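Report on the following structure.
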Amino acid sequence: MDEVLQQVAKLITEVVGADFLLGVEITRDTTFSDDLGLESIEFVALADKLNAHYGVDLVAFLADMDIDEIMAMSVGRLVDHITARV
Amino acid sequence: MSRFLFVVPPLTGHVNPTASVGGELLARGHDVAWVGHPGTLAPLLPDDARIFPAIDDVVEADIRAKRERWLALRGMAVLKFFWEEFLIPLGHAMVPGVSDAVALFGPDVVVADQQALAGPLVARNAGLPWVTSASTSAELVNPLRTMPKVDAWVRDLLHDFAGGDIRFSDRLVLVYSSAALVGEEFGDEVAFVGPALAHRVERVEFPWERLTGQRRVLVSLGTLNGPAGERFLSQALEAVAGLDLQVVMVAEPRPAPPNVLMLPSVPQLALMPHLDAVVTHGGHNTVCEALAHGLPLVVAPIRDDQPTVAAQVVAAGAGVRLTYSRARAADIRSALESVLDEPEYTAAAELVRESFLAAGGAAAAADRLEKVVAG
Numbered sequence: 003m004d005e006v007l008q009q010v011a012k013l014i015t016e017v018v019g020a021d022f023l024l025g026v027e028i029t030r031d032t033t034f035s036d037d038l039g040l041e042s043i044e045f046v047a048l049a050d051k052l053n054a055h056y057g058v059d060l061v062a063f064l065a066d067m068d069i070d071e072i073m074a075m076s077v078g079r080l081v082d083h084i085t086a087r088v
Numbered sequence: 609m610s611r612f613l614f615v616v617p618p619l620t621g622h623v624n625p626t627a628s629v630g631g632e633l634l635a636r637g638h639d640v641a642w643v644g645h646p647g648t649l650a651p652l653l654p655d656d657a658r659i660f661p662a663i664d665d666v667v668e669a670d671i672r673a674k675r676e677r678w679l680a681l682r683g684m685a686v687l688k689f690f691w692e693e694f695l696i697p698l699g700h701a702m703v704p705g706v707s708d709a710v711a712l713f714g715p716d717v718v719v720a721d722q723q724a725l726a727g728p729l730v731a732r733n734a735g736l737p738w739v740t741s742a743s744t745s746a747e748l749v750n751p752l753r754t755m756p757k758v759d760a761w762v763r764d765l766l767h768d769f770a771g772g773d774i775r776f777s778d779r780l781v782l783v784y785s786s787a788a789l790v791g792e793e794f795g796d797e798v799a800f801v802g803p804a805l806a807h808r809v810e811r812v813e814f815p816w817e818r819l820t821g822q823r824r825v826l827v828s829l830g831t832l833n834g835p836a837g838e839r840f841l842s843q844a845l846e847a848v849a850g851l852d853l854q855v856v857m858v859a860e861p862r863p864a865p866p867n868v869l870m871l872p873s874v875p876q877l878a879l880m881p882h883l884d885a886v887v888t889h890g891g892h893n894t895v896c897e898a899l900a901h902g903l904p905l906v907v908a909p910i911r912d913d914q915p916t917v918a919a920q921v922v923a924a925g926a927g928v929r930l931t932y933s934r935a936r937a938a939d940i941r942s943a944l945e946s947v948l949d950e951p952e953y954t955a956a957a958e959l960v961r962e963s964f965l966a967a968g969g970a971a972a973a974a975d976r977l978e979k980v981v982a983g
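Structure follows, in structure tokens:
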């Protein structure tokens, strides 16, 4: 579990750039929308990395969510999804 | 001769294409009127344009204040706010004024901007044909198609408002772009007419005598940008310092290198022929105006349709995309040098320009509108 969290945090850092995460520790509670402010192109890049690393389809994962769930989507929820799938 | 009523939100980018198409219809001898916020409309329309009020200054100020709050949001919260706090309330607010305008003016056709939901609602209730003025091409391909529950939520909001999905007319959708740039095929009702630039009114002054140098670049983030815009503009200033080009930057006064001409607003369309490249947030009008002049682009999309528009530019090979909230001076400088120095970007922009010319602009839009009246 911690291993997946560490790996996801690493992939997010690669996408966003370490410079912009200074002072922001990525935890299970970090949200993609509000805390990370992931831009659409970064979201696509992260989806590619997750797919390459875990074979997990981020777009399909989000397809089941309503707007409030997507707004509240956290790193922890993604980690749980990956853990359940791999 | 026929009567056309344009229904528009209080947003410059949404009024501009209607100013051009309406101007063309007027030149052909038709009767044309606009309904919306008179204070926003008047500076963008001909002196003798007929304007009906649907939004007063208080409502308009409230909308602007909301958009300020909206700029601070990120991610999916932007979309939620856009529909719940902006589009639907704006639709309700405009219904009485649009109803009055329809009753007083008696149009043959209602031309509704895609963000003026009152237009289709009122037209339908009055039994009038209505068509869509799509001020961006980005929503033709439903950006929510990969998120069916979010898409259903939008449809529910529209059903509550108007009893149906009124985003696009099934009679005619005017799109101010080309099929080549959008890169998809659509039904016959979707008319790619290219940017509508004829008859446009620009009342902003410009110090033409201060244009110097061999190469010139416009940097503009549009009328809405917020704090992240300040960050981007300061990085852009650092990026262009010492480069052998003149930069026209649309921003409030601030310290800048000597090769930067800083102005709070510019007559953008008149400026285009004097430029070599444009750095923009990816607003549909600015991007298409630049491409209509064969200018390559650096696009740093902020939100809404802008990422889609930026992707169109990149796919066409006519520009470089940057990450708006994180691009550094070095990234901006390198992107700018690429589009200016590598001729393939300009060549690709030229190809888009040719597709726009073939699309026909305001005249093609007017032809299609006349056909709607003819039935």
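Residue numbers (my numbering), protein chains in the order written: chain A, 3 to 88; chain B, 609 to 983.
Heads up, the beta-carbon is just placed ideally off N, CA and C, and yes, glycines get one too.
All values derive from a computational prediction rather than experimental measurement.
Per DSSP, cross-strand counterpart(s) of residue i
i, result
"Thr-740(B)", "Ala-720(B), Val-781(B)"
"Ser-828(B)", "Thr-888(B)"
"Met-870(B)", "Met-857(B)"
"Thr-33(A)", "Ser-76(A)"
"Arg-929(B)", "Val-907(B)"
"Phe-612(B)", "Val-640(B), Val-717(B)"
"Phe-800(B)", "Val-783(B)"
CB contact check: residue i to chain A, cutoff 8 Å
i, result
"Arg-677(B)", "no"
"Gly-683(B)", "yes"
"Pro-915(B)", "yes"
"Leu-687(B)", "yes"
Any C-beta of chain B under 8 Å from that of residue i
i, result
"Gly-78(A)", "no"
"Leu-40(A)", "yes"
"Glu-44(A)", "yes"
"Asp-82(A)", "no"
"Ile-28(A)", "no"
"Asp-31(A)", "no"
For the region 627 to 672 of chain B, which segments carrying the beta strand (DSSP E) assignment without a break, of at least 3 residues, lie completely within its bounds, in sequence order?
Within the region 627 to 672 of chain B, the complete beta strand (DSSP E) runs of at least 3 residues are 639 to 644, 658 to 661.
So within the region 39 to 76 of chain A, which uninterrupted alpha helix (DSSP H) runs reach at least 4 residues, ignoring any that extend past its ends?
Within the region 39 to 76 of chain A, the complete alpha helix (DSSP H) runs of at least 4 residues are 42 to 56, 60 to 65, 69 to 74.
Can at least three beta-carbon pairs, one atom from the region 641 to 648 of chain B and one from the region 614 to 624 of chain B, be found at a separation below 8 Å?
Counting C-beta pairs with one atom in each stretch, the region 641 to 648 of chain B and the region 614 to 624 of chain B have three or more that are closer than 8 Å, which means they touch.
Near-chain B residues of the region 50 to 69 of chain A (beta-carbon distance less than 8 Å), N- to C-terminal order
Under the 8 Å Cβ criterion, the region 50 to 69 of chain A contributes Val-61, Leu-64, Ala-65, Asp-66, Met-67, Asp-68, Ile-69.
Note down, in chain order, all residues in the region 927 to 951 of chain B with a beta-carbon under 9 Å from any beta-carbon belonging to chain A.
Contacts with chain A (Cβ-Cβ distance below 9 Å) from the region 927 to 951 of chain B involve Arg-929, Thr-931, Tyr-932, Ser-933, Arg-934, Arg-936, listed in chain order.
Using a beta-carbon distance cut-off of less than 8 Å, what residues from the region 733 to 765 of chain B approach chain A?
Residues of the region 733 to 765 of chain B with a C-beta atom less than 8 Å from some C-beta of chain A are Thr-754, Met-755, Pro-756, Lys-757, Val-758, Trp-761, listed in chain order.
With a threshold of 8 Å, are at least 3 pairs of Cβ atoms found where one atom belongs to the region 801 to 816 of chain B and the other to the region 715 to 731 of chain B?
Contact between the region 801 to 816 of chain B and the region 715 to 731 of chain B is absent, because fewer than three Cβ pairs lie under 8 Å.
Examine the Cβ distances between the region 919 to 934 of chain B and the region 650 to 664 of chain B and report whether three or more of them are shorter than 8 Å.
Proximity of the region 919 to 934 of chain B to the region 650 to 664 of chain B falls short of the contact definition, fewer than three beta-carbon pairs being nearer than 8 Å.
Is the region 63 to 81 of chain A close to the region 25 to 36 of chain A, with three or more CB pairs under 8 Å?
A contact exists between the region 63 to 81 of chain A and the region 25 to 36 of chain A.
When you compare the region 773 to 781 of chain B with the region 734 to 742 of chain B, are there three or more beta-carbon pairs, one atom per stretch, that lie closer than 8 Å?
The region 773 to 781 of chain B makes contact with the region 734 to 742 of chain B, as at least three CB pairs between them are under 8 Å.
Given 8 Å, three or more beta-carbon pairs between the region 952 to 964 of chain B and the region 898 to 914 of chain B:
Yes, the region 952 to 964 of chain B touches the region 898 to 914 of chain B.
Looking at C-beta atoms only, is the number of pairs between the region 941 to 950 of chain B and the region 966 to 981 of chain B that lie closer than 8 Å three or more?
Using a Cβ-Cβ distance cut-off of 8 Å, the region 941 to 950 of chain B and the region 966 to 981 of chain B are not in contact, since fewer than three pairs of beta carbons, one from each stretch, lie closer than that value.
Count Cβ pairs between the region 693 to 702 of chain B and the region 53 to 62 of chain A that sit closer than 8 Å; are there 3 or more?
The region 693 to 702 of chain B is not in contact with the region 53 to 62 of chain A.
Spell out a yes or no on whether the region 879 to 899 of chain B and the region 621 to 632 of chain B are touching, meaning 3 or more CB-CB pairs, one atom from each, closer than 8 Å.
Between the region 879 to 899 of chain B and the region 621 to 632 of chain B there are three or more inter-stretch CB-CB distances shorter than 8 Å, so the stretches are counted as touching.
Should the region 760 to 768 of chain B be regarded as contacting the region 933 to 940 of chain B, the criterion being three or more beta carbon pairs within less than 8 Å?
No, the region 760 to 768 of chain B is not in contact with the region 933 to 940 of chain B.
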